[in-house]
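Enquirer: Shown below is the structure under consideration.
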Amino acid sequence: MTATNYQVRVSGTIPSDLLDELSDMTISVEPPETVLYGELPDQSALFGLISRMHGMGLRLIEIRRLP
0 MTATNYQVRV
10 SGTIPSDLLD
20 ELSDMTISVE
30 PPETVLYGEL
40 PDQSALFGLI
50 SRMHGMGLRL
60 IEIRRLP
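In numbering that gives the first Met the number 0, the protein residues as written are 0 to 66.
Laid out in structure tokens, this is it:
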């Protein structure tokens with residue numbers, strides 16, 4: 000399976016603990032949201048990211064698969 004590019008939009012700002020883990024992604028703060036752009040190797044990595052965000056109390060707004 001090939002890697003896929005995603006846009007992940009969350010409410011508010013992302014804690015620095017998680018930012019360190021996301022160093023391969025582009026992060027854009029567009030108040031009142033934070034938008035992540037980047038490549039994830041597979042769906043398991045996407046689900047892991049979603050789970051990690053949920054565990055940190057972040058509110059996921061949208062996930063888009065990019066061309």
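Using N, Cα and C, we set each Cβ at its ideal position, and we do this for glycine too. Quantities reported herein were computed from a predicted structural model and do not represent experimental measurements.
How far does the beta strand (DSSP E) with Leu39 in it reach, from first residue to last?
Expert: Position 40 of the sequence shown, counting from 1, holds the residue named residue 39. Glu32 to Leu39 is the span of the beta strand (DSSP E), which, as asked, contains Leu39.
Enquirer: Please state the DSSP three-state secondary structure of Ile49.
Expert: Working through the sequence shown from its first residue, we reach residue 49 at position 50. Looking at Ile49 - three-state DSSP - the assignment turns out to be helix.
Enquirer: Pull up the distance between the alpha-carbon of Asp16 and that of Val7, whole angstroms please.
Expert: Within the sequence shown, the letter at position 17 stands for residue 16. Within the sequence shown, the letter at position 8 stands for residue 7. When rounded, the distance between both Cα atoms is 17 Å.
Enquirer: Which first and last residues belong to the beta strand (DSSP E) in which Ser10 is found?
Expert: Here the question's residue 10 lines up with position 11 in the sequence shown. Annotation for Ser10: the continuous beta strand (DSSP E) segment containing it runs Thr3 to Ser10.
Enquirer: At the level of alpha carbons, what is the spacing between Ser22 and Glu38?
Expert: Along the sequence shown, read from residue 1 onward, the residue named residue 22 stands at position 23. Along the sequence shown, read from residue 1 onward, the residue named residue 38 stands at position 39. About 11 Å.
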